[in-house]
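Read the structure below first, then the notes.
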Amino acid sequence: MDNVTEKLVQCFGYRKFKSELQERAVRAIARGVHDVYVSMPTGSGKSLCFQLPAMLQDNKVAIVFSPLLALIKDQIDHLTKLKIPAESINSKMTTKDRERVLNDLHSMKPNTRFLYVTPEQAATGTFKALTEHLVKYKKVSYMVVDEAHCVSEWGHDFRPDYLKLGDLREKFKSIPWVALTATASAEVTKDIMTNLKLLQPVAQYKTPSFRRNLYYDVVYQNCIQDEIGDLVDFLKKHLKDDDNVKPKDKSAAIIYCRTREQTEDISSMLTKRGFKSLAYHGGLKTSERISVQEQWSNGECPCVCATVSFGMGVDKATVRVVVHWGLPQNVAAYYQESGRAGRDGKPAFCRIYYCRSERNSVDFLLKSEMGRSKTPEQKQRCKNAYKSFEIMVKYCEEVKCRHKVFADYFGEEAPRCVSRCDACADERGVRRALEQHLRRAMSATLGSHGLVSHADSSDLYGEGRLGQMREAESYYGERSGDDSDSEGSRRRVAEETKSLILQEFANRKKNLEKDRNKNTDAESAKYSKCQAADSTEKKVNGLTVA
Ligand code: ADP
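For the sequence shown, the UniProt record's numbering begins at 1 and goes up steadily by one.
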């Protein structure tokens with residue numbers, strides 16, 4: 001047993017590391033050669049990654065920056081239970097307590113092994129003087145930035161004071177720094193490196209996003225006759241009646257909905273169709289919420305239709321299905337929510353039932369919010385939210401490996417998915433479904449504005465499609481003098497129609513051009529269609545929206 005494993009047992013009471021990655025991160029931090037960045041999902045044991053190495057350095061204190069007093073309290077309580085001296089300096093403590101802590105830290109042999117502070121506290125003169133003293137007498141083992149995503153404006157809880165920590169990193173070059181966060185996007189990771197001014201090369205320990213046991217797909221609501229029927233079939237197929245297992249280990253499902261009403265509606269429709277479900281949302285009384293959660297956790301009810309508030313703190317390993325009814329909020333949220341499936345490592349299924357009209361509403365809301373924002377910070381936040389939304393839309397409207405979308409988002413290499421998502425398992429089928437979805441969405445958009453639509457016609461390149469654009473053009477042209485309230489919405493529809501058609505052309509052209517390279521007779525016939533598409537596209541591009 002080496003000294004690292006010895007401390008794991010002695011100080012923390014664990015017989016082994018929680019994962020190989022945890023062990024590698026601990027050993028890298030213990031070497032103390034590089035700054036270290038750790039990105040692992042919540043619950044994977046990040047704290048131990050810096051706490052254990054700090055315990056290897058006698059008579060030294062690790063300074064930990066943490067965003068919230070509540071989090072600090074949890075960590076101190078946990079360490080205190082393990083009989084490891086941990087303290088905090090904060091604005092809420094009594095003068096007497098503060099003096100006690102400061103006296104200890106100024107002594108030649110401090111008892112304190114961990115000092116927790118908020119970034120705001122770190123900016124005070126008291127803290128600066130204390131750190132200088134500790135560094136001067138070589139009493140600091142590590143500087144640790146917990147919840148490091150707070151340093152990024154791309155993160156969901158950006159804290160401007162976190163930015164100032166970068167100056168401390170520059171000032172105290174001799175101390176190794178450790179930054180920890182839950183799974184972060186490529187942008188957030190980059191911000192953490194830059195804004196905290198971590199010394200390069202930074203040793204990085206990241207849990208890869210790819211989970212082979214999860215199968216991802218997208219179903220277009222407007223391409224199926226009976227959406228709820230389809231959902232019931234999907235649930236029945238993947239949630240087996242496992243009578244031989246303990247109730248709490250029975251298969252379960254979560255259906256995430258966007259609104260409270262939707263959770264109630266879908267849950268009652270599922271129950272009526274023979275699949276017992278319960279609704280869960282913030283509008284329920286606390287006792288009702290607890291009861292739903294319990295019935296689901298202990299296997300009495302296999303399915304919960306819930307808003308995204310459901311799942312935090314829920315640790316059920318046998319979730320076989322996670323469905324999103326409509327567009328998830330963004331890629332990070334989708335990864336996290338769908339990731340509640342298959343924690344036991346067995347096959348599980350994550351599906352989005354995508355609805356384009358809902359996507360349009362979200363688009364509209366986000367743009368309106370952007371229009372209303374006043375300060376540069378608000379504007380930036382809106383822009384970021386919009387960009388995240390666009391990535392999520394692309395996830396649903398592109399024929400691309402779903403796991404690769406996650407990998408790109410988290411800045412990782414493309415995983416070897418092979419057939420763990422619909423796009424890899426059946427690319428042609430997904431392409432066909434997407435085209436049908438777009439045609440129907442366009443048809444519905446035009447129909448709702450009184451336009452005759454040819455969108456469902458298979459003649460994508462001929463006069464039918466161009467005629468459709470002309471109808472749109474004359475419709476909007478006639479009303480170009482119309483300054484009523486609905487003018488903006490008409491313009492949006494016209495713009496959208498145009499962009500949908502162009503997008504369809506682009507996709508078709510790409511496929512045809514791919515086929516052309518195969519150079520068969522049949523394909524060259526298609527190529528002439530491609531040229532026709534080209535000229536139609538130019539005409540469409542030339543149309544102006546009134
Ligand atoms: P995170 O910060 O990644 O969310 P925590 O550090 O809070 O995770 O740890 C999550 C849980 O895992 C805690 O209950 C912790 O005690 C436990 N844990 C950490 N390391 C180990 C280990 N090596 N063996 C068993 N449990 C561990």
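All residues carry an ideal CB built from backbone N, CA and C; glycine is no exception.
Quiz item: Are the Cβ atoms of Leu-101 and Ile-84 separated by less than 8 angstroms?
Solution: Per the sequence shown, the amino acid found at residue 101 is Val instead of Leu. Cβ atoms of Val-101 and Ile-84: not closer than 8 angstroms.
Quiz item: Hey, Ala-28 and Tyr-142 are a contact pair by Cβ (cut 8 angstroms); roughly how many whole angstroms apart?
Solution: About 12 angstroms separates the two Cβ atoms, so there is no contact after all.
Quiz prompt | Limits of the unbroken beta strand (DSSP E) element including Ala-87 | solution = It should be noted that the sequence gives Glu, not Ala, for residue 87. Looking at the DSSP string, the run of the beta strand (DSSP E) that includes Glu-87 is 86-88.
Practice problem: Kindly indicate which three-state DSSP category Val-9 falls into: helix, strand or coil? | Solution: In the structure shown, Val-9 adopts helical secondary structure according to DSSP, grouped into three states.
Self-check item: With 16 other Cβ atoms within 10 Å as the buried cut-off, status of Ser-486
Solution: Since pLDDT at Ser-486 reaches only 39, below the 50 mark, its modelled position is unreliable, and the value read off the structure follows with that caveat. It is exposed - the Cβ of Ser-486 has fewer than 16 other Cβ atoms within 10 Å.
Quiz prompt | Closer than 7 angstroms: Leu-48 CB and nearest the ligand ADP heavy atom | solution = yes
Quiz prompt | Proximity to Asp-217 [Cα-Cα], best of Arg-402, Ala-148, Ala-444 and Phe-389 | solution = Arg-402
Quiz item: Mind checking whether the beta-carbon of Gly-274 lies closer than 7 angstroms to any heavy atom of the ligand ADP?
Solution: no
Quiz item: Taking the alpha-carbon positions, what's the Arg-252 to Gly-299 distance?
Solution: Before going further, note that residue 252 is Ala rather than Arg in the sequence given. Those two C-alpha atoms are separated by around 8 angstroms.
Quiz item: Can the beta-carbon of Ala-179 be found closer than 8 angstroms to that of Val-135?
Solution: The answer is no: Cβ separation not under 8 angstroms.
Quiz item: Mapping DSSP to helix, strand and coil, what is Phe-410?
Solution: coil
Quiz item: What distance in whole Å lies between the Cβ atoms of Val-314 and Cys-350, which are believed to be in contact at a cut-off of 8 angstroms?
Solution: Wrong, their Cβ atoms sit about 16 angstroms apart, outside the cutoff.
Practice problem: With hydrogens ignored, establish whether the beta-carbon of Lys-510 is closer than 7 angstroms to any heavy atom of the ligand ADP. | Solution: no
Quiz item: In its own chain, which residues sit with a C-beta less than 6 angstroms from the C-beta of Arg-15, not counting the 5 before and 5 after it?
Solution: none
Exercise. Can you give me the start and stop residues for the alpha helix (DSSP H) that Trp-296 sits inside?
Key: The continuous alpha helix (DSSP H) containing Trp-296 extends over residues 286-297.
Quiz item: Hey, would you say the C-beta of Phe-65 is under 7 angstroms away from at least one heavy atom of the ligand ADP?
Solution: no
Exercise. Can you tell me which of the three DSSP states Lys-16 falls into?
Key: coil
Practice problem: Let me know the secondary structure DSSP gives Leu-163 once reduced to three states. | Solution: In the three-state reduction of the DSSP assignment, Leu-163 falls in the helix class, which pools H, G and I.
Quiz item: Roughly how many whole angstroms lie between the Cα atoms of Ser-174 and Thr-318?
Solution: 47 angstroms
Exercise. Using the Cα positions of Leu-434 and Lys-237, report the straight-line distance between them to the nearest angstrom.
Key: 24 angstroms
Quiz prompt | Span of the alpha helix (DSSP H) around Phe-349 | solution = Taken as a continuous stretch (DSSP letters only), Phe-349 belongs to no alpha helix (DSSP H), being part of the beta strand (DSSP E) at 348-354.
Practice problem: Check the DSSP bridge columns for Val-144 and list the partner residues they point to. | Solution: Val-64 and Val-178
Quiz item: Helix or strand or just coil, what does DSSP make of Ala-279?
Solution: strand
Exercise. Compute the minimum distance between the beta carbon of Tyr-335 and the heavy atoms of the ligand ADP, and state whether it is under 7 angstroms.
Key: no
Quiz item: Taking 7 angstroms as the line, does the beta carbon of Phe-114 fall inside it for any heavy atom of the ligand ADP?
Solution: no
Quiz item: Using a Cβ-Cβ cut-off of 8 angstroms (strictly less than) and excluding sequence neighbours within five positions of Arg-159, which residues of its own chain qualify?
Solution: Pro-67, Pro-119, Cys-150 and Val-151
Practice problem: Give the single residue among Phe-389, Lys-379 and Tyr-353 whose Cα lies nearest to the Cα of His-437. | Solution: Tyr-353
Exercise. With a threshold of 16 other CB atoms inside 10 Å of the CB of Glu-463, please say whether the residue is buried or exposed.
Key: With a pLDDT of 38 at Glu-463, under the threshold of 50, the modelled position of that residue is not reliable, and no figure is offered here.
Quiz item: Is Thr-42 near the ligand ADP, going by C-beta to nearest heavy atom under 7 angstroms?
Solution: yes
Practice problem: Put Val-151 into one of helix, strand or coil per three-state DSSP. | Solution: helix
Quiz item: How would you call Thr-181, buried or exposed, if buried means at least 16 neighbouring beta carbons within 10 angstroms?
Solution: buried
Quiz item: Closest by CA to Lys-248, which one among Ser-297, Lys-510 and Lys-514?
Solution: Ser-297
Self-check item: Enclosing beta strand (DSSP E) for Arg-113 [first to last residue]
Solution: Here Arg-113 belongs to no beta strand (DSSP E), and DSSP marks it neither H nor E.
Quiz item: Are Ser-338 and Cys-305 closer than 8 angstroms when you measure CB to CB?
Solution: no
Practice problem: Helix, strand or coil for Cys-223, going by three-state DSSP, please let me know. | Solution: helix
Quiz prompt | Own chain, CB closer than 6 angstroms to Asn-195, minus 5 neighbours either side, in chain order | solution = Cβ neighbours of Asn-195 beyond the five flanking positions: Val-151, Leu-163 and Gly-166.
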